[in-house]
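Residue numbers (the working numbering): 92 to 252.
From the three backbone atoms N, C-alpha and C, an ideal C-beta is built for every residue, glycine too.
These numbers come from a predicted model, not from an experiment.
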């Protein structure tokens, strides 16, 4: 678990997923009024997810910024020595993009759409990292992970494909 700055509350990936569900359940009017605050909260959630990965690997999460965002610096740090972790690089960049869309949106509709997309992308990052923590090698093919679908030396297809 990682502490949220300025709070006695510790957040873990499960707590983040629950909070994302709470935000997702908010009516659009509430989301529009609180969009910038909620976007900042979700950006921090992404950081906490990556901090969890780093701490689990006995790392010390960086305070540095990459392209103006700590999330991107944490991803770069987390990917060192773990090439499969690069599978979530674009997810982290998408979180930053949606954060910027919320900040720059000129109307509530665009702001709400970006915030709702951000919820899905932060959830994806949280699930990816929790899977990486549970299953060695998860992330080789992101959601269609090779270790989950491989038997022996052959690759099997997923049910329903």
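- Message: I'd like to confirm the pairing. Which residues does DSSP put opposite residue 160 in its beta bridges?
- Response: In the chain shown, counting from the first residue as 1, residue 160 sits at position 69. Its beta-bridge partners are 157.
- Query: In terms of alpha-carbon separation, which member of 171, 213, 153 lies closest to residue 106?
  - Reply: For the purposes of this step, residue 106 is identified with residue 15 of the chain shown, where counting begins at 1. Residue 213 is the option with its Cα nearest to residue 106.
- Item | Contact test: residue 174 Cβ vs the ligand COA heavy atom, cutoff 7 Å | In the structure on display, the ligand COA does not appear, and there are no ligands present to speak of.
- Task: Tell me residue 111's beta-bridge partners as DSSP assigns them.
- Result: Within the chain shown, the letter at position 20 stands for residue 111. In the DSSP output, where bridge partners are listed per residue, residue 111 has none listed.
- Please go through the same chain and pick out, in chain order, the residues whose beta-carbon is closer than 8 Å to the beta-carbon of residue 130, but skip the five residues on each side of it. For the purposes of this step, residue 130 is identified with residue 39 of the chain shown, where counting begins at 1. Only 189, 190, 193, 194, 205, 206, 209 meet the Cβ criterion.
- Report buried or exposed for residue 109, applying the criterion of at least 16 other Cβ atoms within 10 angstroms of its Cβ. On the chain shown, position 18 is the one that residue 109 refers to. The residue in question, residue 109, is exposed, as its Cβ has fewer than 16 Cβ neighbours within 10 Å.
- Distance between residue 146 and residue 156 (C-alpha atoms, nearest Å): Start at 1 with the first residue of the chain shown, and residue 156 comes out as number 65. Start at 1 with the first residue of the chain shown, and residue 146 comes out as number 55. Residue 156 and residue 146: Cα-Cα distance of roughly 18 Å.
- Item | Closest residue to residue 112 among 222, 211, 216, 123 (Cα-Cα distance) | What you label residue 112 is simply residue 21 of the chain shown in a count that begins at 1. Here the closest residue by C-alpha is 211.
- Query: Roughly how many angstroms separate the alpha carbons of residue 165 and residue 142, rounded to a whole number?
  - Reply: Taking the chain shown and counting its residues from 1, one reaches residue 165 at position 74. Taking the chain shown and counting its residues from 1, one reaches residue 142 at position 51. The alpha-carbon atoms of residue 165 and residue 142 are separated by roughly 7 Å.
- Message: In whole angstroms, give me the CA-to-CA distance for residue 114 and residue 167.
- Response: Here residue 114 is taken as the residue at index 23 of the chain shown, counted from 1. Here residue 167 is taken as the residue at index 76 of the chain shown, counted from 1. Distance between the alpha carbons of residue 114 and residue 167 is about 28 Å.
- Distance between residue 136 and residue 162 (C-alpha atoms, nearest Å): Within the chain shown, numbered from 1, the residue matching residue 162 stands at position 71. Within the chain shown, numbered from 1, the residue matching residue 136 stands at position 45. Spanning the two alpha carbons is a distance of roughly 9 Å.
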